[in-house]
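Residue numbers (my numbering): 10 to 161.
Data block below; observations after.
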């Protein structure tokens with residue numbers, strides 16, 4: 010799916026790696042699928058984030074923000090409702106689901122970023138800058154028949 014094809018009125022899925030820390034989207038991350046529909050957004054992770062600070066009783070780790078790296082190289086920043094919806098794991102591996110409030114997708118031209126390397130520090134710096142950036146304007150359209158020159 011092209012970056013321009015993500016629209017608010019249509020269902021889509023984004024496959025990628027997801028992490029609780031910006032620098033871990035490539036290493037120490039979980040595979041997952043972000044399911045978007047106009048009525049809800051769900052992140053389904055194959056595994057569970059470790060919760061060393063608390064006893065989770067199998068409910069999963071409370072996270073308000075999750076960072077992602079899609080199979081197309083896009084950066085994702087997800088704001089969740091915190092508590093996972095549930096974990097399925099017996100028998101087999103856990104599948105953790107988070108309800109997502111909203112998210113941002115960034116199409117990144119990595120070759121145009123000075124001194125960018127595919128290492129955790131570079132991803133952490135990039136994602137931290139993107140996360141701190143204030144959104145000034147949203148551009149999207151529900152009309153798929155707009156002329157090409159009007160689409161952004």
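Think of the CB as a built atom: it goes at the ideal place given N, C-alpha and C, for glycine as much as any other residue.
Note that the structure is a prediction, hence the values are computed from the model and not measured.
**Prompt:** Thinking just about the alpha-carbon of each residue, which of 81, 51, 92 is nearest to the one in residue 72?
**Reply:** On the chain shown, residue 72 is found 63 positions in, with the first residue counted as 1. For the residues 81, 51, 92, the minimum Cα distance to residue 72 belongs to 92.
**Asked** residue 141: buried (16+ other C-beta within 10 angstroms of its C-beta) or exposed?
**Response** Numbered from 1 along the chain shown, position 132 holds the residue referred to as residue 141. Exposed is the call here.
**Request:** Note down the Cα distance separating residue 157 from residue 22, rounded to an integer number of angstroms.
**Result:** What you label residue 157 is simply residue 148 of the chain shown in a count that begins at 1. What you label residue 22 is simply residue 13 of the chain shown in a count that begins at 1. Here the model assigns residue 157 a pLDDT of 45, short of 50, so the residue's position is not dependable, and the following value carries that caveat. Each residue's Cα considered, the two are about 24 angstroms apart.
**Item:** Per-residue DSSP class, three states only, for residue 135
**Value:** Within the chain shown, residue 135 is the residue found at index 126, counting from 1. Reduced to three states, the DSSP call for residue 135 is helix.
**Asked** residue 111 by DSSP, collapsed to three states: which one?
**Response** Along the chain shown, one-based indexing puts residue 111 at 102. Three-state DSSP puts residue 111 in a strand.
**Prompt:** Which two residues bound the contiguous beta strand (DSSP E) that contains residue 48?
**Reply:** Position 39 of the chain shown, counted from the start, is the residue given in the question as residue 48. Run containing residue 48: none; DSSP gives neither H nor E here.
**Prompt:** To the nearest angstrom, how far is it from the Cα of residue 113 to the Cα of residue 54?
**Reply:** The residue you call residue 113 lines up with position 104 of the chain shown. The residue you call residue 54 lines up with position 45 of the chain shown. Whole-angstrom Cα-Cα distance: 18 angstroms.
**Item:** Beta-carbon proximity list for residue 43, same chain, < 6 angstroms, skipping 5 on both sides
**Value:** Translated into positions along the chain shown, residue 43 becomes position 34. Taken in chain order, the residues that qualify are 23, 52.
**Span separating the alpha-carbon of residue 129 from that of residue 102** = Within the chain shown, residue 129 is the residue found at index 120, counting from 1. Within the chain shown, residue 102 is the residue found at index 93, counting from 1. For residue 129 and residue 102, the distance between alpha carbons rounds to 26 angstroms.
**Asked** According to the neighbour-count rule (16 or more other Cβ atoms, all chains shown, within 10 Å of its Cβ), is residue 33 buried or exposed?
**Response** Along the chain shown, one-based indexing puts residue 33 at 24. When all chains shown are included, residue 33 counts as buried.
**Request:** Label residue 38 either buried or exposed according to how many other C-beta atoms from any shown protein chain fall within 10 Å of its C-beta, with 16 as the threshold for buried.
**Result:** Along the chain shown, read from residue 1 onward, the residue named residue 38 stands at position 29. Counting Cβ neighbours within 10 Å, residue 38 comes out buried, since at least 16 surround it.
**Separation of residue 76 from residue 15, as counted between CA atoms** = For the purposes of this step, residue 15 is identified with residue 6 of the chain shown, where counting begins at 1. For the purposes of this step, residue 76 is identified with residue 67 of the chain shown, where counting begins at 1. If you take the alpha carbons of residue 15 and residue 76, they lie about 18 angstroms apart.
**Prompt:** What first and last residue would you give for the beta strand (DSSP E) that runs through residue 99?
**Reply:** Working through the chain shown from its first residue, we reach residue 99 at position 90. Premise fails: residue 99 is in no beta strand (DSSP E) and is neither H nor E.
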